[in-house]
Each structure stands twice: as C-alpha cells, then as structure tokens.
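The opening residue of the sequence shown carries number 1 in full-length UniProt numbering; numbering runs sequentially from there.
Ideal Cβ placement from N, Cα and C applies to all residues, glycine included.
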Amino acid sequence: VNSRLLFPGLEGKPLKLTELDQGLDQANRLQSNTTKLDILPGRQVGGSVIRLRNQHAKPWLITAGTDNYGQKSTGRWLARATATLDSPFGLSDFVSLNANSTLENPAHRYNRAYTLLYSLPYGAFTFSGFASFSSYE
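Here's what the structure looks like:
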C-alpha cells in the first residue's frame, strides 16, 4: 500500500473523511489487499495520525478457461487466459494481461486477441493505459 499515492497532499491538513474513504477504496481495489485504517491521536493538540493496516494476500492471479462465445465464421470455442499482478512497482498499481484464441481449426480460421491494462491511483483518480491487438482470418 503506497500511502503517498493513495492520500496525496493530506499530511498536515485537516482530515476529510471523504478523502480518507477514497484512499481506502483505492487501496482495496486490488484483489490482494484488505486495508483498514485507524485514526489515532497525534502529537499536536487537535492532530491525528492515520495508521493503515493491510492484510496482504498473494499479489498475482492466473485464470484460464474455455467457452462457446466465439463467432460461427472463426470458431465457436474460445480459450481464454488472464494474468494479473497487484502493485508491480510498489505504487498500489495494477497490471493485467489477457489473451484469447479460437480452438477449432486455428491454422485456417481463427480469432486471437491480446490486451494489456495498467492502472495507477492518485487520490480519488485512477489513471489507466490500455493496449490491444487482435487478428482473425
């Protein structure tokens, strides 16, 4: 959990519960995080300290499967695979790679698609980049 990106510019300022909620939501958007926060008394009168507690599970997930959602022209049966990684750069970020391909006669008629997604939180905002490639015959 990267508190500088989840709660940017909040240090030394009055607490706003909406900003704390947004940062907490950003931390918990990753499947590997179960983050909670405590508001503790600070050293200065009227001050507070925010303590984050995170139960961290494995940061990666791999899934694979088949379905019959393909097109008649390129083959009904599809194989799908997804690999995701939480916080690959320690920034509470996220990356996902997806691939799918037809299973029936793939040398002559096929549909293949690959996608890459990267997202990075900053306070209430999430910046994302997406790339994809597909081909069919």
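#1: Using DSSP bridges, identify the partner residues of G129.
#2: Tell me, please, which residues DSSP counts as bridged to Q71.
#3: Any heavy atom of the ligand SAM closer than 8 angstroms to the Cβ of G23?
#4: Could you give the first and the last residue of the continuous alpha helix (DSSP H) run that contains S3?
#5: What's the gap between the Cα of A79 and the Cα of T66?
#6: Determine whether the beta carbon atoms of S101 and R109 lie at a separation below 9 angstroms.
#7: Between the alpha carbons of G47 and P41, how many angstroms are there, rounded?
#8: Once DSSP output is grouped into helix, strand and coil, what is the label at N28?
#9: Using the C-alpha atoms, what's the distance from F130 back to K16?
#10: Would you check if there are 3 or more beta carbon pairs closer than 8 angstroms linking the segment 115-132 to the segment 88-105?
#11: If G23 and G123 are in contact, beta carbons under 8 angstroms, what's the gap, nearest whole angstrom?
#12: So, are the CB atoms of N28 and S87 less than 9 angstroms apart?
#13: Closest to T84 by CA distance: which of Q31, P14, E19, R76 is it?
#14: In or out: Q26 buried (at least 16 other Cβ within 10 Å) or exposed?
Let me lay it out:
#1: Residue 129 sits at position 129 when you count from the first residue of the sequence shown. Bridge partners of G129: Y118.
#2: Reading the sequence shown from its first residue, position 71 is the one you call residue 71. For Q71, the beta-bridge partners assigned by DSSP are G75.
#3: For the structure depicted, the ligand SAM is absent and the ligand set is empty, with no information on it obtainable.
#4: For the purposes of this step, residue 3 is identified with residue 3 of the sequence shown, where counting begins at 1. Element bounds for S3: 3-6.
#5: Residue numbering aside, residue 79 sits at position 79 when the sequence shown is read from its first letter. Residue numbering aside, residue 66 sits at position 66 when the sequence shown is read from its first letter. Cα-Cα distance, rounded: 4 angstroms.
#6: Looking up residue 101 in the sequence shown gives position 101. Looking up residue 109 in the sequence shown gives position 109. Taking 9 angstroms as the Cβ cut-off, S101 and R109 do not qualify as a contacting pair.
#7: Taking the sequence shown and counting its residues from 1, one reaches residue 47 at position 47. Taking the sequence shown and counting its residues from 1, one reaches residue 41 at position 41. So the alpha carbons of these two residues sit roughly 6 angstroms apart.
#8: Reading the sequence shown from its first residue, position 28 is the one you call residue 28. DSSP places N28 in helix when its eight states are reduced to three.
#9: As a working mapping, residue 16 is identified with position 16 in the sequence shown. As a working mapping, residue 130 is identified with position 130 in the sequence shown. If you take the alpha carbons of K16 and F130, they lie about 32 angstroms apart.
#10: These segments touch.
#11: One-based indexing of the sequence shown puts residue 23 at position 23. One-based indexing of the sequence shown puts residue 123 at position 123. Taking C-beta atoms under 8 angstroms as the contact rule, G23 and G123 qualify, at a distance of about 7 angstroms.
#12: Working through the sequence shown from its first residue, we reach residue 28 at position 28. Working through the sequence shown from its first residue, we reach residue 87 at position 87. 9 angstroms or more divides the Cβ of N28 from the Cβ of S87.
#13: As a working mapping, residue 84 is identified with position 84 in the sequence shown. Checked all of Q31, P14, E19, R76; the closest Cα to T84 is Q31.
#14: Here residue 26 corresponds to residue number 26 of the sequence shown, with the count starting at 1. Label assigned to Q26: buried.
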